[in-house]
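Numbering (our numbering), first residue to last: 49 to 326. Virtual Cβ for every residue (Gly too), placed ideally from N, Cα, C. Just so we're clear, the structure is a prediction, and the values are computed from it rather than from any experiment. Have a look at the structure below before the remarks.
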Amino acid sequence: MTDDTQDSGDEDAEIDAVSTRRPRRGLYVLPNAITLAALFSGFYGVVMAINGRFEAAAIAIFVAAVLDAMDGRVARMTRTQSAFGEQMDSLSDMVSFGAAPALIVYVWALKDLGKLGWIPAFVYVAGAALRLARFNVNIGVVDRRFFQGLPSPAAAALVIGMVWVFDDAGYRDVYSIPWLEWTAFAVTLYAGLSMVTNAPFYSFKTIGGRRTVPFVVLVAVMLVIALIALDPPRVLFAIFVAYGLSGYLVFAWRRFKGQPASVISTSTDDPDEKGLHP
């Protein structure tokens, strides 16, 4: 083998090694495309609500939640995480789980309350913005087992699940049903305020991935999927109502047991550490 041939072989080996360590630039399109799809779902939900198609609007927000759960995992699997992708994801969440649910529920029930209907809708939007900003700032110091406050996709599912349930039950012209207007008022206000509390909501980040789970967990997932298939609006709404209350129950239980209730860690060395601020 000549020196030239050997040199070219070494260069090819180096190129192959670099290509295995560094993902192709084209792969960065994949997670950002999923994020854009989630953003479009939020936009589509608002358009459907304006046209009076609230079932389609609700489904669009739930689709956005599924896509939002996918983009980060796809980025990690393909090693295409980037600062741009993180910012893009936050902006998409603000639209799909902040502005869109508030506008949908406002068009559905709150607009006929006059300026009073602005209150829960704006509190929800502001709560989503504050929740996302705090999440981005505290991402390195929060116990990853929990979310600090109700996550915005769950808050959106709570509000939009309510819209979907009553629309599926045949309730139309909500302005003529006072108790339903005030129900929407209370649920939207609750979801908006819950996003900025310090209540610890379980993140489910320790389930799946490389960690093993008991077989019963897979059975439970199978049963949940079957129940959702039977009656999507009611089952999904019930799930997120339970989740929306769970953080306060965990907070009260920790206080009762004398355990730290905050999810802010004292260091970033180990997300499972026991040393948390009281």
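- Query: What residue from Ala204, Asn99, Ser130, Ser138 has the CA that sits closest to Leu109's CA?
  - Reply: Here the question's residue 109 lines up with position 61 in the sequence shown. This sequence places Ile at residue 109; Leu is not what is there. Minimum Cα distance to Ile109 is reached at Ala204.
- Identify the continuous beta strand (DSSP E) that holds Trp199 and give its terminal residues. Counting from one through the sequence shown, the residue named residue 199 turns up at place 151. Sequence check: residue 199 is Pro here, not Trp. Run containing Pro199: none; DSSP gives neither H nor E here.
- Kindly list the residues whose CB is nearer than 8 Å to the CB of Arg73, restricted to its own chain and excluding five residues on each side of it in sequence; keep chain order. Position 25 of the sequence shown, counting from 1, holds the residue named residue 73. The predicted model places Arg73 with a pLDDT of 47, which falls under 50 and marks its position as unreliable, so this point remains unresolved.
- Phe170 - containing alpha helix (DSSP H), residue span: In the sequence shown, counting from the first residue as 1, residue 170 sits at position 122. Here the alpha helix (DSSP H) through Phe170 covers 166-186.
- DSSP state of Phe252 mapped onto helix, strand, coil: Reading the sequence shown from its first residue, position 204 is the one you call residue 252. Phe252 falls in the coil class under three-state DSSP.
- Who are the near neighbours of Asn184 in its chain, counting only those whose CB is closer than 7 Å to its CB and skipping five residues on each side? Taking the sequence shown and counting its residues from 1, the one referred to as residue 184 is at position 136. Spatial neighbours of Asn184 in its own chain (CB-CB distance under 7 Å, excluding positions within 5 residues in sequence) are listed in chain order as Ser138.
- Query: Secondary structure at Val211, three-state DSSP: helix, strand or coil?
  - Reply: Sequence index remark: in the sequence shown, residue 211 carries index 163 (1-based). Val211: helix per DSSP, three-state reduction.
- Message: Spatial neighbours of Arg220 within its chain, please: C-beta separation below 8 Å, excluding the five flanking residues on both sides.
- Response: Taking the sequence shown and counting its residues from 1, the one referred to as residue 220 is at position 172. Excluding residues within five positions, none has a Cβ falling inside 8 Å.
- Message: Mapping the DSSP letters down to three states, classify Val190 as helix, strand or coil.
- Response: In the sequence shown, residue 190 corresponds to position 142, counting from 1. In the three-state reduction of the DSSP assignment, Val190 falls in the strand class.
- Task: Output yes or no for whether 8 Å exceeds the beta carbon distance between Arg302 and Val244.
- Result: Walking along the sequence shown from the start, residue 302 turns up at place 254. Walking along the sequence shown from the start, residue 244 turns up at place 196. It is not a contact, given that the beta carbons lie outside the stated cut-off.
- Message: Tell me the rounded alpha-carbon separation between Ile152 and Arg121.
- Response: Position 104 of the sequence shown holds residue 152. Position 73 of the sequence shown holds residue 121. When rounded, the distance between both Cα atoms is 28 Å.
- Go ahead and pull the three-state DSSP assignment for Ala81. Position 33 of the sequence shown, counted from the start, is the residue given in the question as residue 81. Of the three classes helix, strand and coil, the one that applies to Ala81 here is helix, per DSSP.
- From the DSSP output, in three-state form, read off Thr50 for me. As a first step, residue 50 is located in the sequence shown; it is residue number 2 there, counting from the start. Confidence in Thr50 is poor, its pLDDT being 49 and thus under 50, which makes the residue's placement unreliable; the coordinate value appears in the next sentence. Thr50 sits in coil when the DSSP states are folded into three classes, being neither helix nor strand.
- Item | Three-way DSSP call (helix, strand, coil) for Tyr76 in this model | The residue you call residue 76 lines up with position 28 of the sequence shown. Reduced to three states, the DSSP call for Tyr76 is helix.
- Report yes if the CB atom of Val235 is closer than 8 Å to the CB atom of Leu206, and no otherwise. Taking the first residue of the sequence shown as 1, we reach residue 235 at position 187. Taking the first residue of the sequence shown as 1, we reach residue 206 at position 158. Contact flag set, yes.
- Counted within 10 angstroms of its Cβ, other Cβ atoms place Ile107 as buried (16 or more) or exposed: Here residue 107 refers to the residue found at position 59 when the sequence shown is read from its first residue. Per the 10 Å Cβ criterion, buried.
- Item | Alpha-carbon spacing of Asp215 relative to Ala104, whole angstroms | Here residue 215 refers to the residue found at position 167 when the sequence shown is read from its first residue. Here residue 104 refers to the residue found at position 56 when the sequence shown is read from its first residue. Cα to Cα, Asp215 sits roughly 10 Å from Ala104.
- Task: Grab me the residues of Asp160's own chain with a C-beta within less than 8 Å of its C-beta, minus the 5 sequence neighbours each way, in chain order.
- Result: Translated into positions along the sequence shown, residue 160 becomes position 112. Val222, Tyr223, Glu229, listed in sequence order.
- Task: Return the CA-CA distance between Leu266 and Phe132, expressed in angstroms with no decimal places.
- Result: The residue you call residue 266 lines up with position 218 of the sequence shown. The residue you call residue 132 lines up with position 84 of the sequence shown. Spanning the two alpha carbons is a distance of roughly 35 Å.
- Item | Pairwise C-alpha distance: Ala148 and Val94 | What you label residue 94 is simply residue 46 of the sequence shown in a count that begins at 1. What you label residue 148 is simply residue 100 of the sequence shown in a count that begins at 1. If you take the alpha carbons of Val94 and Ala148, they lie about 6 Å apart.
- Around the Cβ of Asn99, are there at least 16 other Cβ atoms within 10 angstroms (buried) or fewer (exposed)? Here residue 99 is taken as the residue at index 51 of the sequence shown, counted from 1. Result: exposed.
- Straight-line Cα distance separating Met210 from Tyr291: Within the sequence shown, numbered from 1, the residue matching residue 291 stands at position 243. Within the sequence shown, numbered from 1, the residue matching residue 210 stands at position 162. Rounded to whole angstroms, Tyr291 to Met210 spans 14 Å at the Cα level.
- If you run the structure through DSSP and keep just helix, strand and coil, what is Ala247? Within the sequence shown, numbered from 1, the residue matching residue 247 stands at position 199. Note: Ala247 maps to coil in three-state DSSP.
- Message: Could you compute how far the alpha carbon of Ile80 sits from the alpha carbon of Phe91?
- Response: Position 32 of the sequence shown, counted from the first residue, corresponds to residue 80. Position 43 of the sequence shown, counted from the first residue, corresponds to residue 91. Before going further, note that residue 80 is Asn rather than Ile in the sequence given. When only Cα atoms are considered, Asn80 and Phe91 end up about 16 Å apart.
- Option nearest Ala85 by Cα separation, candidates Tyr296, Pro262, Gly175, Ser140: Counting from one through the sequence shown, the residue named residue 85 turns up at place 37. A check of alpha carbon separations from Ala85 across Tyr296, Pro262, Gly175, Ser140 identifies Ser140 as the nearest.
- Going straight from the alpha carbon of Tyr154 to that of Asp119, what length do you get? Position 106 of the sequence shown, counting from 1, holds the residue named residue 154. Position 71 of the sequence shown, counting from 1, holds the residue named residue 119. Distance between the alpha carbons of Tyr154 and Asp119 is about 29 Å.
- What did DSSP end up calling Gln135 once you bin it into helix, strand or coil? If you number the sequence shown from 1, residue 135 lands on position 87. In this structure, Gln135 counts as helix in the three-state DSSP scheme.
- Query: Tell me which same chain residues have a C-beta within less than 6 Å of the C-beta of Pro281, skipping the five on either side of it?
  - Reply: Indexing the sequence shown from 1 puts residue 281 at position 233. Hits under 6 Å: Trp212, Val213, Asp216.
- Whole-angstrom C-beta distance between Ala150 and Ala173, which should lie under 8 Å: Reading the sequence shown from its first residue, position 125 is the one you call residue 173. Reading the sequence shown from its first residue, position 102 is the one you call residue 150. Correcting the residue identity first, residue 173 is Val in this sequence and not Ala. Confirmed, about 5 Å.
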